[in-house]
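**Q**
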DNA sequence: CCAAAAGTGTTTTAGCTACACCCATGA
DNA sequence: TCATGGGTGTAGCTAAAACACTTTTGG
């Protein structure tokens, strides 16, 4: 990958994406580490001149995860001058490119639109881009210090996710198409960071009339097999 | 006012402000009409290079209303290519400036951050800027067609306002410091566009423990005088 | 004393919690 | 038949809505 070209993009505006996955016991997000800098950051990017903002984010998430269809929602736009850090940006570009110049548009101030995505952890193979050594999952209570106030952006993303959790049963986007009630409860508990009553949770979910019940899932264990559920497609 | 200068501002990014007031019977917003064009639009503006996004909006709202302190909240960022309209922008600039040129940065595409403000209608004297003939209040169910998808922005602002109404008793920002329970109820009814039960409303508001009761307000009418209330300052 | 509006008490209802119980499963 | 986890029934609690009643005000 080359450095994104100034003439192809909108200036002074970027996006950052908080990509959530659920790995069976914890809520995690994707972070990337830049080559030879020790810098961690959220995956982000820029908007092309003839591209919708939403499409730019979808494009960026697809490049990193391979996923075409995903749950994606904008949650806040970060516009403080303090969030820019030209020195860090210079270090990153310098570490990657011989063609380093002192006055790249990338060193300018950026206003950044925050998005969060909910994806099925199992479906993803994280792919680093040319600027980054690695892209990996980090549990949300174990996030390293990040560039550009990205820790703050993650805070706000989690807060928004918590507030919106009940609308439209968003948690199902973190699970496979069919899932047990217990798995759904674990997702809710990971997001809300609190234990929920088993029976109350089951009843509340069923009362929403958004879940369809399928065959049982036999685990081979010595207890009743749970039903599998899926999201009712006609309620989308 | 001159045309804002390119070298002072961030490019490709603007804000639009939906300024709400309550005039005793209806929820209204401020719209401006550009000179000699018949174009109506939301008051908006641009961000200076060393200015926080929030501060840019505060500055713009102050210029139009004279208000220094106000309730202001970002609600969504609009980034579709379809929302730009260079032709309209050219018409506006052409109608106002001899120094018209074909390639102003203002004709470029903009991503716009939407903010809404809640203000005390009585405290405001709307002031048109140099580009606009007038700035006036319009009831929210009587909004003319606007430029740049601004009708959509207003829809989204009202939707956000409805969803957030219960948090922090936001409605009080539309009223004077002291107000009757009936006035507060009218504000809520105007925002939600539905009638609320009088006694249920009173009890719910008082149960929040956010209102302080003051002296009665005698209207001269032949009925019990209502108490005046104010927002408890220690709960801010 | 009357009418109108404000404030409060009371009854009813709906939703939620907690607990208990039963069911299914494989050892 | 036992232990384990899943599903549901039921009693009790709490918050909210509906209605009625009382209070205050000026004619």
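Residue numbers (my numbering), protein chains in the order written: chain A, 10 to 245; chain B, 10 to 245.
Using N, Cα and C, we set each Cβ at its ideal position, and we do this for glycine too.
Kindly indicate which three-state DSSP category residue 126(A) falls into: helix, strand or coil?
**A** strand
**Q** At the 7 Å Cβ level, is residue 61(B) part of the contact set with chain A, yes or no?
**A** yes
**Q** Determine whether the Cβ of residue 22(B) lies closer than 7 Å to any Cβ atom of chain A.
**A** yes
**Q** Indicate the three-state DSSP secondary structure (helix, strand or coil) for residue 83(B) in the structure shown.
**A** strand
**Q** Measuring from the CB of residue 15(B), is there a heavy atom of the ligand GDP at a distance below 6 Å?
**A** For the structure depicted, the ligand GDP is absent and the ligand set is empty, with no information on it obtainable.
**Q** Please compile the residues from chain A whose C-beta is within a distance smaller than 8 Å of the C-beta of residue 225(B).
**A** Simply none; closest approach about 39 Å.
**Q** Three-state secondary structure (DSSP) at residue 5(B)?
**A** No answer is possible for residue 5(B): it lies beyond the span of chain B, which begins at 10 and ends at 245.
**Q** Going by beta-carbon coordinates alone, are residue 184(A) and residue 50(A) separated by less than 7 Å?
**A** It is not a contact, given that the beta carbons lie outside the stated cut-off.
**Q** Which residue from 126(A), 204(A), 85(A), 174(A) puts its Cα closest to that of residue 124(B)?
**A** 85(A)
**Q** Classify residue 227(A) as buried or exposed, calling it buried when 16 or more other Cβ atoms lie within 10 Å of its own Cβ.
**A** exposed
**Q** For residue 52(A), does the count of other Cβ atoms within 10 angstroms reach 16, so buried, or fall short, so exposed?
**A** buried
**Q** Anything in chain B within Cβ reach of residue 171(A), meaning under 9 Å, just list it in chain order.
**A** Simply none; closest approach about 14 Å.
**Q** Does residue 167(B) have its Cβ less than 7 Å from a Cβ in chain A?
**A** no
**Q** Straight-line CA distance for residue 3(A) to residue 200(A)?
**A** Here chain A comprises residues numbered 10 to 245, so residue 3(A) is not present and cannot be evaluated.
**Q** When you compare the CB of residue 175(A) with every CB in chain B, is at least one pair closer than 7 Å?
**A** no
**Q** Quick one: grab the DSSP three-state call for residue 30(B).
**A** strand
**Q** Can you name the residues of chain A whose CB is closer than 7 Å to the CB of residue 71(B)?
**A** By Cβ distance, chain A contributes nothing, its closest Cβ being about 18 Å from residue 71(B), past 7 Å.
**Q** Out of 47(A), 235(A), 41(A), 173(A), which one is the CA nearest neighbour of residue 83(A)?
**A** 173(A)
**Q** Roughly how many angstroms lie between the CA atoms of residue 29(A) and residue 66(B), to the nearest whole one?
**A** 32 Å
**Q** Starting from residue 100(B), find everything on chain A with Cβ-Cβ shorter than 9 Å and list it in chain order.
**A** Near residue 100(B) there are no residues of chain A at all, since even the closest Cβ is about 22 Å away, more than 9 Å.
**Q** Using CA coordinates, which residue listed in 101(A), 232(A), 220(A) is at the minimum distance from residue 238(A)?
**A** 220(A)
**Q** Contact check, residue 197(A) vs residue 105(A) under 8 Å by CB: the rounded distance?
**A** Not confirmed; about 41 Å, so no contact.
**Q** Rounded to whole angstroms, what's the CA-CA distance from residue 94(B) to residue 55(A)? Just pull it up for me.
**A** 22 Å
**Q** Can the beta-carbon of residue 19(A) be found less than 7 Å from the beta-carbon of residue 182(B)?
**A** No, the pair does not count as a contact, with Cβ atoms beyond the cut-off.
**Q** For a test of the three-state rule: what should DSSP assign to residue 17(B), helix, strand or coil?
**A** helix
**Q** Between which two residues does the alpha helix (DSSP H) containing residue 103(A) stretch?
**A** 95–105
**Q** If you follow the alpha helix (DSSP H) that residue 196(B) is in, where does it begin and where does it stop?
**A** Looking at the DSSP string, the run of the alpha helix (DSSP H) that includes residue 196(B) is 190–201.
**Q** Spell out whether any CB of chain B is found under 7 Å from the CB atom of residue 88(A).
**A** yes
**Q** Alpha carbons only, please: which of 180(A), 23(A), 136(A) is nearest the one belonging to residue 92(A)?
**A** 23(A)
**Q** Sorted by chain position, which residues of the same chain lie with C-beta nearer than 8 Å to residue 225(B)'s C-beta, five sequence neighbours on each side aside?
**A** 234, 235, 236, 237
**Q** Three-state secondary structure (DSSP) at residue 225(B)?
**A** Strand, per DSSP.
**Q** Mind reading off the beta-carbon distance from residue 81(B) to residue 131(B)? Whole number of angstroms is fine, and I expect it under 8 Å.
**A** Incorrect: roughly 19 Å between the Cβ atoms, too far for contact.
**Q** Please report the Cβ distance between residue 41(B) and residue 143(B), rounded to the nearest whole angstrom; I am assuming they are in contact, meaning their Cβ atoms lie under 8 Å.
**A** 7 Å
**Q** Could you name the residues of the same chain whose beta carbon sits closer than 7 Å to that of residue 97(B), not counting the 5 residues immediately before and after it, in chain order?
**A** 48, 156
**Q** Which residues in the same chain have their Cβ closer than 7 Å to the Cβ of residue 46(A), if we skip the five residues on either side of it in sequence?
**A** 100, 101, 104
**Q** Can you tell me whether residue 110(B) is buried or exposed? The criterion is at least 16 other CB atoms within 10 Å of its CB, across all chains shown.
**A** With fewer than 16 Cβ atoms within 10 Å of its Cβ, residue 110(B) is classed as exposed.
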